[in-house]
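Enquirer: Mapped onto the working numbering, the consecutive letters of the sequence shown carry residue numbers 57 to 203. A single structure is presented below for examination.
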Amino acid sequence: MPETLSPFMAEAIRLSKLGMDRGDGGPFGAVIVQKTKIIGRGWNRVLTDKDPTAHAEITAIREACSAKGSYWLEDCRIYVNCEPCPMCLAAIYWARIRKITFAASRADAERIGFIDAELYREICLPKEQRSITVNREGRKTALKVIR
57 MPETLSPFMA
67 EAIRLSKLGM
77 DRGDGGPFGA
87 VIVQKTKIIG
97 RGWNRVLTDK
107 DPTAHAEITA
117 IREACSAKGS
127 YWLEDCRIYV
137 NCEPCPMCLA
147 AIYWARIRKI
157 TFAASRADAE
167 RIGFIDAELY
177 REICLPKEQR
187 SITVNREGRK
197 TALKVIR
């Protein structure tokens, strides 16, 4: 029996296929909805843009913020064809989007090579235990601006 999809999820899935067909990046699509209107669309453009941050959710957030004229999307929701990665989840929080609807899970994405579990583990580690070397420099000078 076929699944019943909302028009918003259907559009997110359509965008994921569009991006794949075009060779733009991974199989991910997203839409941002305000009330009943799509104000942001995005698909993974990592390969085309040569930008590791050009994930579907990020590109949709950028378009929605531009359309709305604000960096806050608290009255919006996001539909994504796959559960967001840590970077995209953080961007969703920063944009103040309060509702996420996703189709495929992180486990589904891991089966095709998109492994977010490593990032989730890294984030939880103390800085000195992470795989990226973290150094600190210039705190006093920086605090002249950050006050």
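We put the CB at the ideal spot given by N, CA and C, even for glycine.
Under 7 angstroms between the Cβ atoms of Glu-139 and Arg-162?
Expert: Counting from one through the sequence shown, the residue named residue 139 turns up at place 83. Counting from one through the sequence shown, the residue named residue 162 turns up at place 106. In this structure, Arg-162 lies closer than 7 angstroms to Glu-139 by Cβ.
Enquirer: Output needed for Arg-133: all residues of its chain with C-beta closer than 6 angstroms, excluding positions within five of it in sequence on either side, in chain order.
Expert: The residue labelled residue 133 in the question sits at position 77 within the sequence shown. These residues qualify, in order along the chain: Val-89 and Lys-155.
Enquirer: In the region 137-161, which residue ranges form an unbroken alpha helix (DSSP H) of at least 4 residues, counting only runs that do not cross its ends?
Expert: For the region 137-161, whole alpha helix (DSSP H) runs of length 4 or above, ordered along the chain, are 142-150.
Enquirer: Tell me whether Asn-137 is buried or exposed, calling it buried when 16 or more other Cβ atoms sit within 10 Å of its Cβ.
Expert: Working through the sequence shown from its first residue, we reach residue 137 at position 81. When all chains shown are included, Asn-137 counts as buried.
Enquirer: Consult DSSP for Ile-179 and reduce its assignment to one of helix, strand or coil.
Expert: Reading the sequence shown from its first residue, position 123 is the one you call residue 179. Helix, per DSSP.
Enquirer: In angstroms, rounded to a whole number, what distance separates the CA positions of Leu-145 and Lys-196?
Expert: Taking the first residue of the sequence shown as 1, we reach residue 145 at position 89. Taking the first residue of the sequence shown as 1, we reach residue 196 at position 140. Distance between the alpha carbons of Leu-145 and Lys-196 is about 32 angstroms.
Enquirer: When we look at the beta-carbon of Met-65 and count the other beta-carbons within 10 Å, is it buried (16 or more) or exposed?
Expert: Walking along the sequence shown from the start, residue 65 turns up at place 9. Its Cβ being crowded by 16 or more others within 10 Å, Met-65 is buried.
Enquirer: Buried or exposed: which applies to Thr-189, given that a residue is buried once 16 or more other Cβ atoms fall within 10 Å of its Cβ?
Expert: The residue labelled residue 189 in the question sits at position 133 within the sequence shown. Flag for Thr-189 reads exposed.
Enquirer: The alpha helix (DSSP H) with Val-102 in it runs from where to where?
Expert: Here residue 102 is taken as the residue at index 46 of the sequence shown, counted from 1. Val-102 -> alpha helix (DSSP H) spans 102-105.
Enquirer: Between which residues of its own chain and Arg-203 is the CB-CB distance below 8 angstroms, once the five residues before and five after are set aside?
Expert: Residue numbering aside, residue 203 sits at position 147 when the sequence shown is read from its first letter. Correct list: empty, nothing qualifies.
Enquirer: What is the rounded straight-line gap between the Cα of Arg-186 and the Cα of Cys-180?
Expert: Position 130 of the sequence shown holds residue 186. Position 124 of the sequence shown holds residue 180. Cα-Cα distance, rounded: 9 angstroms.
Enquirer: Which residues in the same chain have their Cβ closer than 6 angstroms to the Cβ of His-111, if we skip the five residues on either side of it in sequence?
Expert: Reading the sequence shown from its first residue, position 55 is the one you call residue 111. Asn-100 and Cys-144, listed in sequence order.
Enquirer: Count the other CB atoms, across all protein chains shown, that sit within 10 Å of the CB of Val-87; report buried if there are 16 or more and exposed otherwise.
Expert: Stepping through the sequence shown from its first residue, residue 87 is reached at position 31. That one is buried.
Enquirer: State the start and end residues of the unbroken alpha helix (DSSP H) segment that holds Ala-110.
Expert: Numbered from its first residue, the sequence shown carries residue 110 at position 54. Where Ala-110 is concerned, there is no enclosing alpha helix (DSSP H), given that its DSSP letter is neither H nor E.
Enquirer: What residue range is occupied by the uninterrupted beta strand (DSSP E) comprising Ile-168?
Expert: Working through the sequence shown from its first residue, we reach residue 168 at position 112. Unbroken run through Ile-168: none, as it is neither H nor E.
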